[in-house]
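Residue numbers (the numbering used here): 103 to 285. For reference, the structure discussed in these notes is given below.
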Amino acid sequence: MSSPACCPECSDSPLSTTGNITGILTFAYALLASCLVFLAVIRTAESEIQQLHTSVRQTSRHIETLYSYFNGLDLVADQDLAAIQDPIKVALEDWRRTNQHLTAQVEELNNIPSGIRRWLVWWYRHKDILAGVAELRSEKDDLSALLLMYMSSKISTQTDHLWRLERLVIDGMDQKAAGAETK
Numbered sequence: 103m104s105s106p107a108c109c110p111e112c113s114d115s116p117l118s119t120t121g122n123i124t125g126i127l128t129f130a131y132a133l134l135a136s137c138l139v140f141l142a143v144i145r146t147a148e149s150e151i152q153q154l155h156t157s158v159r160q161t162s163r164h165i166e167t168l169y170s171y172f173n174g175l176d177l178v179a180d181q182d183l184a185a186i187q188d189p190i191k192v193a194l195e196d197w198r199r200t201n202q203h204l205t206a207q208v209e210e211l212n213n214i215p216s217g218i219r220r221w222l223v224w225w226y227r228h229k230d231i232l233a234g235v236a237e238l239r240s241e242k243d244d245l246s247a248l249l250l251m252y253m254s255s256k257i258s259t260q261t262d263h264l265w266r267l268e269r270l271v272i273d274g275m276d277q278k279a280a281g282a283e284t285k
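Written out as structure tokens, the structure is:
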């Protein structure tokens, strides 16, 4: 038999004891559920890190191609390109800065051995890294838009040159025909 409490008011009623046990079990369940949700969130970290690394590499390669294209052009001599020279330089500088920062973050993640520590670092930094990826893609879109503007302007200029050349050829043929008729 259990020993009675020293005084009757100190002993807990069966309802109070049941409430205490229920509270402890509820707390334990909430703690376990929180841990399981957290682990469910970070368990996909490895695949997300690899997707992110691939995305950064592909976007950087695309922008590097655009950069080498614009860098190879004579910005001063080309009147079509001169109009968008400053936005191109700004967009390329923004891309370089964002790419360096993002590449450093991704490499730091890749240098951490696989496991819970890597997942925790990913969980802590993933929103910042995803924001950087979105910024990098935005800069890629900006450069692509500038390239399309340049190409459109270049096509328009070339079309004008072709119309003038066609007009000169037609005028030359008309003059040659008129000269042949007078002989």
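In this text, a Cβ means the ideal position worked out from N, Cα and C, and glycines have one as well.
Residues near E241 in its chain [Cβ-Cβ closer than 8 Å; skip 5 each side]: Residue numbering aside, residue 241 sits at position 139 when the sequence shown is read from its first letter. Excluding sequence neighbours, E241 sits near I165, A193, D196, W197, T200.
Residue ranges of each alpha helix (DSSP H) within the stretch 189–229, 4 or longer: none
Neighbourhood of G234 by C-beta, 8 Å cutoff - its chain only, sequence neighbours within 5 removed: Translated into positions along the sequence shown, residue 234 becomes position 132. Cβ neighbours of G234 beyond the five flanking positions: T200, H203, L204, Q207.
Local Cβ density within 10 Å of G274, reported as buried at 16 or more and exposed below that: As a position in the sequence shown, residue 274 is number 172, starting the count at 1. Under this definition G274 is an exposed residue.
Span separating the alpha-carbon of L154 from that of D182: Reading the sequence shown from its first residue, position 52 is the one you call residue 154. Reading the sequence shown from its first residue, position 80 is the one you call residue 182. Using only the alpha carbons, I get a separation of about 36 Å.
Alpha-carbon to alpha-carbon, P215 and S254: For this step, residue 254 is matched to residue 152 along the sequence shown. For this step, residue 215 is matched to residue 113 along the sequence shown. When rounded, the distance between both Cα atoms is 48 Å.
R186 in three-state terms, based on DSSP: Position 84 of the sequence shown, counting from 1, holds the residue named residue 186. Residue identity differs from the one stated: residue 186 is Ile in this sequence, not Arg. In the structure shown, I186 sits in coil (DSSP, three-state: anything other than H, G, I, E or B).
Cβ pair L232, R220 closer than 8 Å: Here residue 232 is taken as the residue at index 130 of the sequence shown, counted from 1. Here residue 220 is taken as the residue at index 118 of the sequence shown, counted from 1. Contact flag unset, no.
Identity of the residue in L117, D262, E150, T120 nearest L222 by Cα: By one-based count along the sequence shown, residue 222 stands at place 120. Answer by Cα proximity: E150.
Same chain, Cβ closer than 8 Å to L162, neighbours up to 5 away in sequence not counted: Residue numbering aside, residue 162 sits at position 60 when the sequence shown is read from its first letter. Strictly speaking, residue 162 in this sequence is Ser, with Leu absent from that position. Correct list, in chain order: N201, T205, L238.
DSSP-derived helix/strand/coil call for T146: Counting from one through the sequence shown, the residue named residue 146 turns up at place 44. In the structure shown, T146 sits in coil (DSSP, three-state: anything other than H, G, I, E or B).
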